[in-house]
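Worksheet for the structure shown next.
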Amino acid sequence: RQFLTAENIPDSLITTRPVEAVGIPELTNDGRETGRILTNRASQTFEVRSPDVDGITRSSQRIGSLIAEGVPVQAQAPEYIYTKLAEIRTTLLEEATKDARARAEAIVRSTGSQIGAVREARMGVFQITPRFSTEIADYGINDVTAIDKDVTAVVRVTFTIR
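Residues in the sequence shown are numbered from 1148 upward in steps of one, following the numbering used here.
Here it is in structure tokens:
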């Protein structure tokens, strides 16, 4: 916790989990437990949730300094969670539907026909992927590894042809 304070992370952004203690069993030479506890290991998890992406990234890169000081530490890579989907969802669906119409018109144009009314429209999943990724999944993607992300809406639109 001192490390987080030294990194200027406010207490209000830190969630402190309860201490977990586990017994480390004594083992025989062939790897079987003897039934005795050799030692105990206690650990505590600190979770930081912050909108300061750059600050959290810098802090996570400096956590190795604790190891250099002899502090046993386990760290996980930061997770970068996109939190604005609700604000852009409608706009993304509108843009995806316009794109579906434009692609349908391009396909039908070569046949001398025209696109008519919408017969059916279905909203699919949202894909939140690392910037420039081509990854897609039928169940959607919510990438937490990259800071920069692309958000894509998937729609299926069926048109009549005139």
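Glycine included, every Cβ here is placed at the ideal spot set by N, Cα and C.
Exposure of residue i, with buried meaning 16 or more beta-carbon neighbours within 10 Å
i: Phe1273; result: buried
i: Ser1260; result: exposed
i: Lys1296; result: buried
i: Ser1212; result: exposed
Given residue i as reference, the closest of the options once Cα atoms are compared
i: Leu1185; options: Leu1174, Ala1222, Glu1194, Thr1292; result: Leu1174
i: Ala1264; options: Ile1235, Arg1278, Ser1257, Thr1244; result: Thr1244
i: Gly1271; options: Thr1162, Gln1223, Ala1300, Ile1214; result: Ala1300
i: Ile1171; options: Ile1294, Arg1266, Arg1179; result: Arg1179
Bridge partner(s) assigned by DSSP for residue i
i: Phe1150; result: The partner list for Phe1150 (beta bridge, DSSP) is empty, contrary to what the question assumes.
i: Asn1289; result: Ile1275
i: Val1195; result: Ile1161
i: Ile1262; result: Ile1308
Close Cβ partners of residue i (< 6 Å) along its chain, the five nearest in sequence each way excluded
i: Val1298; result: Ile1275
i: Ser1197; result: Leu1160, Ile1203
Below-8 Å beta-carbon distance, residue i vs any chain D residue
i: Ala1247; result: Absent from the structure is chain D; it holds one protein chain and no more.
Three-state class that DSSP yields for residue i in the structure shown
i: Asp1295; result: coil
i: Arg1248; result: helix
i: Arg1236; result: helix
i: Ala1222; result: coil
i: Ala1284; result: coil
heavy atom of the ligand ATP below 7 Å from residue i C-beta
i: Ile1203; result: The model depicted lacks the ligand ATP and carries no ligand whatsoever.
Proximal residues to residue i (C-beta, below 8 Å), its chain only, five neighbours per side dropped
i: Arg1164; result: Gln1191, Thr1192, Phe1193, Glu1194
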